[in-house]
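Asker: Dropping a structure here in structure tokens format, bear with me for questions.
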Amino acid sequence: MSGRRTNYRGDLRYKRWYKTYFFSGSLFILIFGWSVAHLKISPRLFWEGIPHFFNLVTEMLPPNWGVFSRGKILWSILETLSMAFAGTSLGAIGALFFGLLGAGNISPSKVIREATKRLLAAERSVPPLIYILLLVVVIGLGPFAGMIVIAMGTVGMLGKLFAEAIENIDPKPLESLESTGATRIQMVRYAVLPQVIPSLIANTLYRFDINLRVALFLGVVGGGGIGVNLQMAMSLFRYADALAITVVTLLIIWVAERISDYFRRRVIGQEILH
Amino acid sequence: MLSVRNIAKRLPDGRLLLKNISFEVEKGEFVGILGESGVGKTVLLRCINGLTQPDHGEVIINGINGDGGPQKINEKRGQELRKIRRKIGMIFQGSILVKRLSVLENVLTGGLGRISTVRSLLYGFTDEEVDSALGAIDKVGIRSLAYRRAETLSGGEMQRAAIARAIFQEPCLLLADEPVSNLDPKNTEAVLDYLKPLTQEMAIIGVFHAPKIVSQYCTRAIGIRDGNVVYDGNPFLSDNTLEAIYSTGKHAPGATVDKTFPSPRETVTEWKQEDKDGAAMQIS
Chain A
1 MSGRRTNYRG DLRYKRWYKT YFFSGSLFIL IFGWSVAHLK ISPRLFWEGI PHFFNLVTEM
61 LPPNWGVFSR GKILWSILET LSMAFAGTSL GAIGALFFGL LGAGNISPSK VIREATKRLL
121 AAERSVPPLI YILLLVVVIG LGPFAGMIVI AMGTVGMLGK LFAEAIENID PKPLESLEST
181 GATRIQMVRY AVLPQVIPSL IANTLYRFDI NLRVALFLGV VGGGGIGVNL QMAMSLFRYA
241 DALAITVVTL LIIWVAERIS DYFRRRVIGQ EILH
Chain B
1001 MLSVRNIAKR LPDGRLLLKN ISFEVEKGEF VGILGESGVG KTVLLRCING LTQPDHGEVI
1061 INGINGDGGP QKINEKRGQE LRKIRRKIGM IFQGSILVKR LSVLENVLTG GLGRISTVRS
1121 LLYGFTDEEV DSALGAIDKV GIRSLAYRRA ETLSGGEMQR AAIARAIFQE PCLLLADEPV
1181 SNLDPKNTEA VLDYLKPLTQ EMAIIGVFHA PKIVSQYCTR AIGIRDGNVV YDGNPFLSDN
1241 TLEAIYSTGK HAPGATVDKT FPSPRETVTE WKQEDKDGAA MQIS
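Protein sequences, first through last, are from chains A and B.
Residue numbering for the first sequence follows my numbering, beginning at 1 and increasing consecutively.
Residue numbering for the second sequence follows my numbering, beginning at 1001 and increasing consecutively.
Encoded structure:
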């Protein structure tokens, strides 16, 4: 009887295996086919596009470095950098506030902690494009809107990371301060921050790298900075100008990244050393 | 000064850990609490300074903050509780220092209860307070380490820094949760030698694992078993007393087990042996 049972179960397992692959496979093929049908994929367009590509390249070359004779362009690049810097800084400050409220060991109450976590999750789930489209309507085109969008994205991500860093600290010093009659804010100042500062700085610098790219992209959709000039050059068919702007922008972003990477390494290295 | 009355505490899993604990402690006493692991010694200490809420009973402290009269710790919240905690120092088992701060800064945190939140955020401690903290560090003999980061200290040095913090806090009651359990004999002696003279200004309640230490340093011993106080008296413990506290006797579970396999209880027998030696040494 037990032998039959085993066979029966083996049979069942086989059937389940078969079903799983059959259904998930056909579902995948269905959805994939449906999406391809909607994309109007055409090998002909791709083929005909190849000469256009070479045209574009020849029109772009040589890059028109002359665009920088107008000081405004360099100024715009600086604007993109400052959007990223100010947005990251403001976002990090907000993230620290929400991180403290969202950390289980420091948050004043469970309700506040849960509410903060949900809020941050909701914030993270909205892409920057949605924020900028809304903000352009509310406060108009320009770097101010861009900075706010960057700050919002930063709060969402860093707030979660900060809360996790704070939850992972050694709980004993926290409790020993509590036992001396310290207030919650004093506990944050003397037991929490000393333990998490290196991780906060490293994460903030990492987010700054991401925000440099977000700032560039936000310009294209109306957030101010060099992205605006790039978009203008492309729509006016000034491809040589666009290439020059792109090259210089990438160069400056690369330098900014090297600098932030240097500081991040110093902060993390210090951690390992001690 | 401190009066613990009928404390009962149930664990989250429903087990009644402390059933009925009562005792009183006066200034100048060094009380050693003994009991098997998991008997609730730490929980009892935490009930005294309000880190844990007892389910039943009360903890009353008298004569702190001038002549404030008796105050029930377990009924205080927020600001009032912090005011009482200022006067109750606590030394924990193992590392309790903020590792990334210097020894001096760690000692200064003992005074946080005295200064306002705004001040601690804006400019911290005054020169006088720093001097007094350095004085406390001097008292425990680690003055040369004052500006070192706490994480670079050895276990014994950390525990001394913790005592310095408790001294700087100027409590009238000091709770010590296994302050020497992870230290070698030399450091154990040093730490206890720094603790003992503090009883001139305060009462100390300590949790210890070794009866030998209690008879050597404490002025009084309290034994806890099955959630009740089974011994409360002089620290020189007889074999019968140790049996009552640690259940090493014939009727204890495991006593009839084949002795060719060493049971964990053997260690207790060893303590008893040590205890006799220690007592003998003191007499001679």
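Using N, Cα and C, we set each Cβ at its ideal position, and we do this for glycine too.
#1: Classify Leu1002 of chain B as helix, strand or coil using the three-state DSSP reduction.
#2: Relative to the C-alpha of Met187 of chain A, which residue among B:Leu1112, B:Phe1168, B:Thr1199, B:Glu1178 is closest?
#3: Taking only three categories from DSSP, how would you classify Gln231 of chain A?
#4: Where Thr204 of chain A and Cys1172 of chain B are concerned, what is the direct C-alpha to C-alpha distance, given to the nearest angstrom?
#5: Give me the Cα-Cα distance between Leu1044 of chain B and Ser82 of chain A, rounded to the nearest whole angstrom.
#6: Taking the alpha-carbon of Ser199 of chain A as reference, which of A:Ala215, A:Leu174, A:Glu164, A:Glu175 has the nearest alpha-carbon?
#7: Does any residue of chain A have a CB that is nearer than 8 Å to the CB of Ser1181 of chain B?
#8: What's the C-alpha gap between Ala1221 of chain B and Leu90 of chain A?
#9: Do you know whose CA, among A:Ile169, A:Trp34, A:Phe144, lies nearest Gly222 of chain A's CA?
#10: Using a beta-carbon distance below 8 Å, is Ile1224 of chain B in contact with chain A?
#11: Taking the straight line between their C-alpha atoms, what separation do you get for Ile1213 of chain B and Lys1186 of chain B?
#12: Taking just the CA atoms, how far does Ala151 of chain A sit from Val255 of chain A?
#13: Within this structure, are the beta carbons of Ile77 of chain A and Ile226 of chain A separated by less than 8 Å?
#14: Exposed or buried, what is Tyr18 of chain A when buried is set at 16 or more other beta-carbons lying within 10 Å of its beta-carbon?
#15: Between Glu167 of chain A and Glu1058 of chain B, what straight-line distance do the alpha-carbon atoms span, to the nearest angstrom?
#16: Quick one: does Tyr131 of chain A have its CB under 8 Å from some CB of chain B?
#17: Using CA atoms only, rank isn't needed, just tell me which of B:Pro1012, B:Ile1084, B:Leu1034 is closest to Ser1215 of chain B.
#18: Output the boundary residues of the beta strand (DSSP E) element that contains Glu1228 of chain B.
#19: Return no unless some Cβ of chain A is closer than 8 Å to the Cβ of Gly1135 of chain B.
#20: Who are Leu1018 of chain B's beta bridge partners in DSSP?
#21: When you compare each of B:Leu1097, B:Thr1042, B:Gly1089 to Gln1053 of chain B by their alpha carbons, which one comes out closest?
#22: Please go through the same chain and pick out, in chain order, the residues whose beta-carbon is closer than 8 Å to the beta-carbon of Pro108 of chain A, but skip the five residues on each side of it.
#23: Taking 7 Å as the limit between beta carbons, can you name the residues of its chain near Phe162 of chain A, skipping five residues before and five after?
#24: Expressed to the nearest angstrom, what Euclidean distance is found between the alpha-carbon atoms of Gly1135 of chain B and Asp1177 of chain B?
#25: Comparing alpha-carbon positions, which option in B:Lys1009, B:Glu1105, B:Glu1026, B:Asp1193 lies nearest Lys1019 of chain B?
#26: Specify, as a first and last residue, the run of the beta strand (DSSP E) that Phe1030 of chain B falls within.
#27: Taking the alpha helix (DSSP H) that Gly94 of chain A belongs to, which residues open and close that run?
#28: Answer with buried or exposed for Ala31 of chain A, where buried requires no fewer than 16 other C-beta atoms within 10 angstroms of its C-beta.
#29: Quick check on the burial criterion: 16 or more other C-beta atoms within 10 angstroms. Buried or exposed for Tyr1147 of chain B?
#30: Would you identify the three-state DSSP class for Lys40 of chain A, choosing helix, strand or coil?
#31: I'd like the list of long-range same chain contacts for Leu1192 of chain B, defined as Cβ closer than 6 Å, with 5 residues on each side in sequence excluded.
#32: Report whether the distance from the Cβ of Val228 of chain A to the nearest heavy atom of the ligand HEM is below 7 Å.
#33: Let me know the beta strand (DSSP E) ranges lying completely inside the stretch 1076-1146 of chain B, each 3 residues or longer, listed in chain order.
#34: For the beta strand (DSSP E) containing Leu1175 of chain B, name the first residue and the last one.
#35: Within 8 Å of any Cβ in chain E, is that where the Cβ of Thr1117 of chain B sits?
#36: Check whether the stretch 204-220 of chain A touches the stretch 1120-1127 of chain B, counting contact only when three or more Cβ pairs, one atom from each stretch, lie closer than 8 Å.
Answerer: On the basis of the coordinates in this document:
#1: strand
#2: B:Leu1112
#3: helix
#4: 44 Å
#5: 56 Å
#6: A:Glu164
#7: no
#8: Cα to Cα, Ala1221 of chain B sits roughly 57 Å from Leu90 of chain A.
#9: A:Phe144
#10: No, because no Cβ of chain A sits closer than 8 Å to the Cβ of Ile1224 of chain B.
#11: So the two alpha carbons sit approximately 13 Å from each other.
#12: 22 Å
#13: yes
#14: exposed
#15: Between Glu167 of chain A and Glu1058 of chain B, the C-alpha separation is close to 32 Å.
#16: no
#17: Of the listed residues, the one whose Cα sits closest to Ser1215 of chain B is B:Leu1034.
#18: Correcting the residue type first, residue 1228 of chain B is Asn in the shown sequence and not Glu. Here the beta strand (DSSP E) through Asn1228 of chain B covers 1228-1233.
#19: no
#20: B:Lys1009
#21: B:Thr1042
#22: Leu101, Arg184
#23: Ala95, Leu96, Gly99, Leu200
#24: 24 Å
#25: B:Lys1009
#26: Where Phe1030 of chain B is concerned, the enclosing beta strand (DSSP E) stretches over 1030-1034.
#27: 71-102
#28: As written in the sequence, residue 31 of chain A is Ile, which differs from the Ala given in the question. With fewer than 16 other Cβ atoms within 10 Å, it is exposed.
#29: exposed
#30: In the displayed model, Lys40 of chain A falls within coil according to three-state DSSP, outside both helix and strand.
#31: Tyr1217
#32: Looking at this structure, you won't find the ligand HEM or any other ligand, since it has none at all.
#33: If one requires a minimum length of 3 residues, the beta strand (DSSP E) runs lying completely within the stretch 1076-1146 of chain B are 1088-1091, in chain order.
#34: 1173-1177
#35: Annotation note: the requested chain E is absent from the structure, which comprises protein chains A and B.
#36: no
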